[in-house]
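Protein sequence lines correspond, in order, to chains A and B.
Following this note's numbering, the numbering of the first sequence begins with 139 at its first residue and continues without gaps.
Following this note's numbering, the numbering of the second sequence begins with 2 at its first residue and continues without gaps.
The beta-carbon is built from N, C-alpha and C at its ideal position, and this holds for glycine as well.
As structure tokens, the structure follows; a few thoughts come after it.
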Amino acid sequence: MRNARVAEILNVIANDRDEWDSLPDRLCAACLSALPVSGVGVALMTADGPSGVVLAVTDARARELEELQFALGEGPCVEASGSGHPVLEPDLLTAGAVRWPRFGAAVLAAGVNAVFALPLQVGAIRVGVLDLYRDTPGQLTAAELAEALAFADAATVVILHLQDHDGTDGALAGPIDSRAEIHQATGMITIQLDVGLAEALLRLRARAYATGRTVSAIAADVVSRRMHFGGSDTENAES
Amino acid sequence: MTNREQLLAATFVDLADTLVADFDVIEFLHTLATRSVELLDADAAGIMLADHHGGLHVMASSTEEARLLELYELQNDEGPCLDCFRSGRAVARDGLSAMRASWPVFTPELQKLGFHSAQALPMRLRNETIGALNLFRDRPGLMSEADLRIGQAMADVATVGLIQERAISASELLAAQLQTALNSRVRLEQAKGVLAERAGLPMDQAFQLMRDYARNNGRRLSEVATHIIDGLLDDRTLRKRAKPRPGAPPPGA
């Protein structure tokens, strides 16, 4: 019974004594110990794709990979959220580069060989994605997939709970606030380059990818006016 | 199987069927009301559900006769439905004199419509009572134990269906709110960026200008943000009209 397992997961994370961690943090930690995976992340999605809001990750590499999917606008979380179906890629070495030309190479370079992304959805609305990263290649067994789906359901309940009890511990507002500069920078770039918002975000992401920095770091430079997007994208007006 | 058993089995299948795609609450409750009269020793059946304030409303009836509908509504003041909803237990009285003693206004109205018995079964899941199934009969006296058990089983199945439907609606509402909150937050930050760059302002001053303009012109912040992004509001207009107009309450008031 999947519902019974979801209830059990929620019960465990809700009664966790460690009050420093947010509910999404605890969910990711519980998922990491329940499944044979190396890293777990939960990201919020909008109808347009990744929102850039990462609710929780188990480790720095998982954060980098979530960030990278946002920077590139491609990867399993984009695909899972777009289709509403789980994306299971057990062998990135063979299939990764074909499926996701840029993300595939980056995720392999980070030492990840399998990735599983499960959409978090309520009816037709997709609120986010649960991403599982694994060092070794190989498919999840049927039982493991069932367990992963139970964690995805539990993550959906957690997100809806946070939306319903806004601001109690900042578990939702905090990560959303932390992305504010990206959107501010996007707005500034539309004026600097005289382009639309989608194009501006693309340029921002491209600059991050090309310089090996995070989108947040580039955005902070733009907002503080240390960086200006001039007439051409190759120009880097860092001063 | 006897005819009754077949009909009972078919009723449970019907009720379960409505739980899947295209759930229609009213249709679902009408099935329950109609089948209650067909299956049980009852001449009329009605379903009352409670709103958020505990007020009871007729949701379905085996017959749509206006005076019968009024009789259900009357039970917001007194009657088996109200007692049943409040206690979460089945409510019945053995005989008309006992009914009149409990419900002095309701009972004569019931008799005027030709009924001589009224009972109510709770629609309850664990501690939550969401309404009651009302059963009226032409003859006085209590319903058989067997009928009550079947009636309660149907009410129970219907309750599970209704509660599940409500939970799904509530989750969808929260999910939609989250999407809206995310999207409007993104647009607000983008608008701050657009305005800051266009007017050469620091980010916090750009936001202050937007907020003052919205407040002093009775506009919503999200609407102002959209207009800035779409280029419909330039910073000169914003600055000019961000100051309080004569007679308008000062910002922060």
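- Closer than 9 Å to the CB of residue 318 of chain A there is at least one CB belonging to chain B.
- The alpha-carbon of residue 198 of chain A is positioned some 42 Å away from that of residue 233 of chain B.
- At a cut-off of 9 Å between beta carbons, residue 324 of chain A contacts chain B.
- Not a single C-beta of chain B is nearer than 9 Å to the C-beta of residue 171 of chain A.
- Taking CB atoms only, residue 142 of chain A has no neighbour in chain B less than 9 Å away.
- Secondary structure note for residue 47 of chain B: its beta strand (DSSP E) is the uninterrupted segment 45-51.
- For residue 172 of chain B, the C-beta contacts it makes with chain A under 7 Å involve 260, 298, in order along the chain.
- Across the set A:348, A:268, A:238, A:293, the C-alpha of A:293 shows the shortest separation from the C-alpha of residue 151 of chain A.
- For the stretch 181-204 of chain B, the set of positions with a beta-carbon nearer than 7 Å to some beta-carbon of chain A reads 183, 184, 186, 187, 190, 191, 192, 193, 194, 195, 197, 198, 199, 204 in chain order.
- Residue contact check for residue 175 of chain B against chain A: a CB pair falls below 9 Å.
- If you look at residue 124 of chain B, you'll find it isn't in any alpha helix (DSSP H); it sits in the beta strand (DSSP E) that goes 118-126.
- Interface flag for residue 353 of chain A against chain B is unset, since no Cβ pair is found closer than 9 Å.
- At a cut-off of 9 Å between beta carbons, residue 148 of chain A makes no contact with chain B.
- Listed in chain order, the non-local C-beta contacts of residue 72 of chain B below 7 Å within the same chain comprise 110, 111, 114, local neighbours out to five positions each way being set aside.
- Ranking B:163, B:140, B:119 by CA distance to the CA of residue 125 of chain B puts B:163 first.
- Around the Cβ of residue 277 of chain A, a 10 Å sphere holds fewer than 16 other Cβ atoms; the residue is exposed.
- Residues of the stretch 203-236 of chain B with a Cβ closer than 8 Å to any Cβ of chain A, in chain order: 204, 230.
- Within 7 Å of the CB of residue 178 of chain B, the CB atoms of chain A belong to 301, in sequence order along the chain.
- In the structure shown, residue 204 of chain A adopts helical secondary structure according to DSSP, grouped into three states.
- Under the Cβ criterion of 9 Å, residue 164 of chain B is not counted among the residues facing chain A.
- Chain B places no beta carbon closer than 9 Å to that of residue 165 of chain A, leaving this residue out of the contacts.
- Residue-level contact by beta carbon holds for residue 169 of chain B and chain A, with a gap shorter than 9 Å.
- DSSP, read as helix, strand or coil, puts residue 29 of chain B in helix.
- In the displayed model, residue 160 of chain A falls within coil according to three-state DSSP, outside both helix and strand.
- For the pair residue 328 of chain A and residue 195 of chain B, the CB atoms are nearer than the 9 Å cut-off.
- With fewer than 16 neighbouring CB atoms inside 10 Å of its own CB, residue 273 of chain A falls in the exposed class.
- With a minimum length of 4 residues, the unbroken runs of alpha helix (DSSP H) contained wholly in the stretch 75-143 of chain B fall at 81-88, 97-103, 107-113.
- Counting only the Cα atoms, residue 354 of chain A lies some 22 Å from residue 160 of chain A.
- In the three-state scheme derived from DSSP, where H, G and I count as helix and E and B as strand, residue 264 of chain A is classed as strand.
- According to DSSP, residue pairing for residue 252 of chain A in a beta bridge involves A:272.
- Contact of residue 329 of chain A with chain B by beta-carbon distance below 7 Å involves 195, 198, 199.
- Under the three-state reduction of DSSP, residue 245 of chain B is assigned to coil, being neither helix nor strand.
- In the structure shown, the three-state DSSP call for residue 171 of chain A is helix.
- Separation of the CB atoms of residue 248 of chain A and residue 203 of chain A is rounded to 6 Å, and the pair is thereby assigned contact status at 8 Å.
- Contact annotation: residue 69 of chain B and residue 45 of chain B have beta-carbon atoms nearer than 9 Å.
- As summarised for the stretch 156-218 of chain B, the continuous alpha helix (DSSP H) elements at least 4 residues long and confined to that stretch are 204-217, given in chain order.
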